[in-house]
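A short worksheet on the structure shown next.
Residue numbers (full-length UniProt numbering): 1 to 508.
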């Protein structure tokens, strides 16, 4: 689970989130005396690999026996040594005294609370590379990074400008007629599991899960497969909530998605996982990862079986392009990938009611063995239009301004994310990497995400495109990235333009 909270007592908010589990808080400041706060990141000090803020990177946070602490950052969710790109560390004196250190960082930890209460619990030693894929800390119910963003006086002027910007857009939006559509029930905190014949769920009363009825849903029932026929093999990836394993079903290689151990007994997470399974089961398109089935013998072993994508994810391919200095711009292969993704979006947005993916990014675009691109991960997709989304849900570097600001949005939010993906396909880097590099050169430090996203929302920072790309592709990408949703093309319009671009490339 990832959340964003605004609070004057943000340290206490983070502590409340983690409860009794060990944690590490990295506070970032805008001045060398650490008196002007920018934001704070809370990490579970479990010594295991977890997805960090917006899942654009992964971390292993540790509280060491000598009183020091560290946060190791990785580009890939496996957190292997080859994926490491930096380590933030603090010694015992600076950690215990919350001293202002290198890069204007200051630190807090769960040891602060233990010391004040006289607790003598030991901290966790820094893990070695060979156990980075170990189990998550069972005491941490969220099993992910809790991000607390505190915007303070250093950004007052920016916030005022953003507020005026949002206010004008909301006044304009009030002139439009609101539309209504059905929605999957995403708030299941008060819902429990219903013990029904044939479900294999035992130990729960009929009052538990009754409101969702997902265990008896016709789609789920039709797609249920025997749990003992599903064999799991090696771990492919691990995220904040789930793990994906290579597996075998009926002699065919498949991908098996399960909840991480720390969340398997959490009814809310189980219900949301089953809702995602139903969403996947209703999709039928050649450029959406195929749903094979859902299986369980008990609540704790629920799994979703999906088509195995031998070609891996687009982000990994782009990382490889970057390492090998692959030419930027669009060739026929890249344009075809964009076309196939847009085909999937056109399908989703044409459903009744339309489905908004809400988490479109390069890591959720997978390739088959013949490099056919397919959309995956419908964990926060919704059959709903004209809605708002809680801050912190989704992947902010790909997120549309109206979603960032908590405004009402529709399928055009996916088109903004698609524009960011077009930028990635072109230049291979993570979104807005050029803006961060320019900030580092001019100010001596990289622009923090809170400031970056404010500038994106105000139209001051844009995802970049190279001079090597066809003009028509750059125009399409920039149109998708317009801060005004009404000026973005819909998926069908973008699809037509991509067909024309691909045709011109073939004839060239």
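Note that beta-carbon positions come from the ideal geometry of N, C-alpha and C, so glycine has one too. All of these numbers come straight from a predicted model, not from anything done at the bench.
The beta carbons of residue 338 and residue 498 sit closer together than 7 Å. Contact annotation, residue 318 with residue 428: C-beta distance approximately 5 Å; criterion of less than 8 Å satisfied. Taken atom to atom, the span from the alpha-carbon of residue 294 to that of residue 274 is near 9 Å.
The residue among 411, 271, 484 and 329 with its C-alpha nearest the C-alpha of residue 359 is 411.
Looking from the CA of residue 72, the closest CA among 65, 60, 282 and 66 belongs to 60.
Going by DSSP, residue 433 is part of the alpha helix (DSSP H) stretching over 433-443. In the three-state scheme derived from DSSP, where H, G and I count as helix and E and B as strand, residue 87 is classed as strand. For residue 311, no alpha helix (DSSP H) encloses it, and the DSSP letter there is neither H nor E.
Per DSSP, the beta bridge partners of residue 373 are 367. The beta carbon of residue 415 sits closer than 6 Å to those of 480 and 488, all from its chain and outside the five residues before and after it, given in chain order. Nearest to residue 311 by alpha-carbon distance, out of 89, 368 and 36, is 368. Here residue 468 carries a coil assignment [DSSP, helix/strand/coil]. Closest in C-alpha terms to residue 342, from the list 313, 19, 287 and 473, comes 287. Counting C-beta atoms within 10 angstroms of its own C-beta, residue 226 has fewer than 16 neighbours from the protein chains shown and is therefore classed as exposed.
Going by beta carbons, residue 107 and residue 95 fall inside the 7 Å limit. With respect to the 7 Å criterion, residue 78 and residue 23 are not classified as neighbours on the basis of their beta carbons.
Under the rule that a run must span 4 or more residues, the alpha helix (DSSP H) segments found entirely inside the region 225-290 read 267-281. For residue 494, no beta strand (DSSP E) segment is defined; the enclosing uninterrupted segment is the alpha helix (DSSP H) at 491-507. For residue 26, the pairing in a beta bridge is given by DSSP as 41 and 107. In the structure shown, the three-state DSSP call for residue 74 is strand. In summary, residue 323 is exposed, with fewer than 16 beta-carbon neighbours lying within 10 Å of its beta-carbon over all protein chains present.
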